[in-house]
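Protein chains in written order, with the numbering used here: chain B, 54 to 150; chain R, 54 to 150; chain X, 2 to 112; chain P, 2 to 112; chain F, 6 to 124; chain S, 6 to 124.
Taking it in order: structure first as structure tokens, then the write-up.
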Amino acid sequence: MENLYLVTRSTFERTAWRLAARLAKPGDTICFIQDAVLAVKGPKDLQVKMSELESNGVNLRFLAEDLNARSLNAPVSKTINYDGLTELIEKARRIIS
Amino acid sequence: MENLYLVTRSTFERTAWRLAARLAKPGDTICFIQDAVLAVKGPKDLQVKMSELESNGVNLRFLAEDLNARSLNAPVSKTINYDGLTELIEKARRIIS
Amino acid sequence: MLRTGPYTSQNMDTCYHLARRFLIKGHEVKMFLYEDGVFNVKKEIKSPQERNIAEMMAELLDAGAEIKACGTCARFRGVKKADILEGTKLGGMTVLVNYLNACDRFLSFGF
Amino acid sequence: MLRTGPYTSQNMDTCYHLARRFLIKGHEVKMFLYEDGVFNVKKEIKSPQERNIAEMMAELLDAGAEIKACGTCARFRGVKKADILEGTKLGGMTVLVNYLNACDRFLSFGF
Amino acid sequence: MNEPKKVIILVRAAPYGMASAAEGFRVIIGLTGMGLDTHAVLVDDGVLVSLKGQAPSDLGMHKLEDAYSQLQDFGARLYVHTPSLEERGILEEDCIGVEPIDDDELGNMISTADHIITF
Amino acid sequence: MNEPKKVIILVRAAPYGMASAAEGFRVIIGLTGMGLDTHAVLVDDGVLVSLKGQAPSDLGMHKLEDAYSQLQDFGARLYVHTPSLEERGILEEDCIGVEPIDDDELGNMISTADHIITF
């Protein structure tokens, strides 16, 4: 993996996720952690953008510990825990947060 | 004036301004200070909302010292300085920020 | 009520500019520092070539403002009684309740 | 690089959970505390009935992490050498540059 | 004796990412305990505080769902802003017991309050 | 001797409301001075840093426009993200001398960097 984008802040309250969505390339990963796991709920323009990104080969991941804390769920295939995030960071060429 | 809404954070980076826009009633004032003076530049949905609010009798104000710091401008009639903000707070029945 | 710390956010500056004007106009001003707000009254703040937040706080105190900080927030952030400006105090939720009961206008600055 | 303080933001916790795992895997971990990040190594942090951020930092130090805080940020925030955990140090931009030169992966946590 | 002051606490931040919702809880409990007429409103991301099934123990944090569930026992009123729930696709039935409130009702409540505190 | 590391500093925050843009400047100058290949990119609200005519003296703050104007003299590269300018209705001619950069160019620059720091 070339680039790992980490999004930390709520996708409803902040617009910071847009830069990651804008810059991520095929093969890159965007991982939503902390309040940004709210991304599983929207907002709508993010949901549209997420489908687009996935069809372009960008991987989306959500941190399990942060989802569980907030009683939120993501598809199993896109859920990683802290161990998984540690591996993503090892594999990435660089991290943008 | 019944209610004074203070918006402090950038209207591009945060969505916090929406609650003020949603709750403000005729006769209320929404005052944009700190990075929220960026409201004079948008985003577009805020600009649409601002016209709507004004036709509904909600007053919009922008803090001069914060506009000047950032080299931004608002119409003179909607620009107030710290002395003006002090008066707005005196006149308001309550402040929501 | 101020919930953010010095320099990092402009909130403290906004409070200062407003409080100064209210004091000049003859109003009473009371500040309750909550969460990171407690850092604004650290007397050891040194700010070469920049505005000094601790001095701005001391100026408000001199002009008659009452400033108290949440003791629990302070403990969680490693701030002790000895660390804060003379004339300021650590206190509990009673302070906030008293301020809310006494004041005509309440402003809340957060994140 | 961590720019936020203890409790107020979850950033410090995220750093802790990641750093712990990297250390167990045998990686070197270096942390540069900038802006409010300097508050995370205040040894006087007391947190009854809650996780103690200072102890979490001390745990990382014991496990071999290197933790340094920006001296200028500390001065602006009233944090002195004597206030910070044993094993941590205040330093200048040279520290950050050395870390950037030495590391394979760099993570930045801000506001 | 005067009427107790009516204070609205708007909890706008999501739980756990920032301390806001936890620190707001301390204020709600404190004000209620000392006799203020205290109304807590979960709005914007704050509605997440009411979602059942939170499990923050892996983060080393306390469960805010439990904390906020006790509020009514202490005499505070707890409301959830339904438009904020809808925007986030959260159903009321998935939430702890809270009183629903819409824009008009929140606007009216604000118009009867002495002070508003935001978290 | 190894090639100097290439570091991109993304300045995403508006000036003055938060210290981010000011603290980012200290890092940019520090890294440049110590020989790193330093590229500062103003993006999102960070583009406001480049707007000419800033006057923050009433706030008791230093003018970030002046600080960032000096960067090129010190050997740092300073870019402004043009889509962020456009979204905010800011014209390049109203900005201090900076190199314009679009999404593709920023993406490519990131793909050649060793590290990315965000402010």
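Glycine included, each C-beta is placed from N, C-alpha and C at the ideal position.
Does the Cβ of residue i have 16 or more other Cβ atoms within 10 Å, making it buried, or fewer, making it exposed?
i: F:Pro-20; result: buried
i: R:Asn-109; result: exposed
i: P:Gln-50; result: exposed
i: R:Pro-79; result: exposed
i: S:Gly-94; result: exposed
i: X:Thr-95; result: exposed
i: F:Ala-85; result: A quick correction: the sequence has Val, not Ala, at residue 85 of chain F. Buried: at least 16 other Cβ atoms inside 10 Å.
i: B:Asn-56; result: buried
i: B:Thr-64; result: buried
i: F:Ala-62; result: Residue identity check: residue 62 of chain F is Ser in the sequence provided, not Ala. Looking at its Cβ environment, which holds fewer than 16 other Cβ atoms inside 10 Å, F:Ser-62 is exposed.
i: P:Ile-25; result: exposed
i: S:Pro-105; result: exposed
i: F:Ser-89; result: buried
i: S:Phe-79; result: exposed
i: F:Leu-55; result: Note on residue identity: the sequence assigns Ser, not Leu, to residue 55 of chain F. Buried is the call here.
i: B:Glu-130; result: The displayed chain sequence assigns Ser, not Glu, to residue 130 of chain B. So B:Ser-130 counts as exposed.
i: P:Gly-38; result: buried
i: R:Val-101; result: exposed
i: B:Asp-119; result: buried
i: S:Thr-117; result: exposed
i: P:Ala-103; result: exposed
i: B:Ile-104; result: Note that residue 104 of chain B corresponds to Ser in the displayed sequence, not to Ile. Exposed: under 16 other Cβ atoms inside 10 Å.
i: F:Glu-8; result: exposed
i: F:Leu-96; result: exposed
Taking 8 Å as the CB-CB cut-off, is residue i touching chain D?
i: B:Leu-120; result: Going by chain labels, chain D is absent from the structure shown, which instead holds the protein chains B, R, X, P, F and S.
Are the beta-carbon atoms of residue i and residue j separated by less than 8 Å?
i: R:Asp-88; j: R:Val-111; result: no
i: F:Leu-47; j: F:Phe-124; result: no
i: X:Glu-12; j: X:Leu-3; result: Rather than Glu, the amino acid found at residue 12 of chain X in this sequence is Asn. Yes; because the gap between Cβ atoms is below 8 Å, this pair is in contact.
i: P:Phe-110; j: P:Thr-9; result: no
i: X:Gly-65; j: X:Gly-93; result: no
i: F:Lys-57; j: F:Asp-109; result: no
i: B:Ala-117; j: B:Asn-134; result: yes
i: P:Leu-61; j: P:Tyr-17; result: yes
i: P:Leu-44; j: P:Asp-84; result: Correcting the residue type first, residue 44 of chain P is Lys in the shown sequence and not Leu. The answer is yes: Cβ separation under 8 Å.
i: R:Leu-113; j: R:Val-90; result: no
i: F:Ala-60; j: B:Ala-73; result: no
i: S:Ala-45; j: S:Leu-83; result: yes
i: X:Phe-23; j: X:Tyr-100; result: no
i: S:Ile-13; j: S:Met-114; result: yes
i: S:His-120; j: P:Phe-112; result: no
i: P:Val-30; j: S:Leu-36; result: no
i: X:Gly-88; j: P:Ala-55; result: no
i: B:Leu-99; j: B:Trp-70; result: yes
i: R:Glu-66; j: B:Arg-147; result: no
On the DSSP bridge assignment, give the partners of residue i in chain order.
i: R:Ile-148; result: R:Leu-57
i: S:Val-85; result: S:Leu-47, S:Pro-105
i: F:Ile-14; result: F:Ala-45, F:Ile-122
i: P:Phe-110; result: P:Leu-3
i: P:Gly-92; result: P:Cys-71
i: X:Ser-10; result: S:Met-23
i: B:Arg-67; result: R:Arg-67
i: S:Cys-100; result: S:Leu-56
Near-chain X residues of the segment 18–40 of chain S - C-beta to any C-beta below 8 Å:
Tyr-21, Gly-22, Met-23, Ala-24
Tell me the start and end of each unbroken beta strand (DSSP E) in the segment 23–90 of chain X that is at least 3 residues and wholly inside, in chain order.
31–34, 67–71
Which runs of the alpha helix (DSSP H) spanning at least 4 residues fall entirely within the segment 82–136 of chain B, listed in chain order?
97–108, 117–122
Which residues, in chain order, does the segment 60–75 of chain R contribute to contact with chain S at a C-beta distance below 9 Å?
Thr-61, Arg-62, Ser-63, Phe-65, Glu-66
Chain X contacts from the segment 17–48 of chain P (Cβ-Cβ distance under 8 Å)
Glu-36, Asp-37, Phe-40, Lys-43, Lys-44, Glu-45, Ile-46, Lys-47, Ser-48
Which residues, taken in chain order from the segment 116–144 of chain R, show a beta carbon closer than 7 Å to some beta carbon of chain S?
So the close ones are Glu-118, Asn-121, Ala-122, Arg-123, Ser-124.
Which ranges does the alpha helix (DSSP H) cover as unbroken runs of at least 4 residues, wholly within the segment 16–81 of chain S, from first to last along the chain?
25–38, 69–74, 76–79
Near-chain R residues of the segment 96–122 of chain F - C-beta to any C-beta below 9 Å
Asp-108, Leu-111, Gly-112, Ile-115, Ser-116, Ala-118, Asp-119, His-120, Ile-121
Taking Cβ-Cβ distances below 8 Å as the criterion, which residues of the segment 50–72 of chain S are in contact with chain X?
Leu-64, Gly-65, Met-66, His-67
Taking a cut of 8 Å between CB atoms, which residues from the segment 52–82 of chain P lie near chain F?
Arg-52
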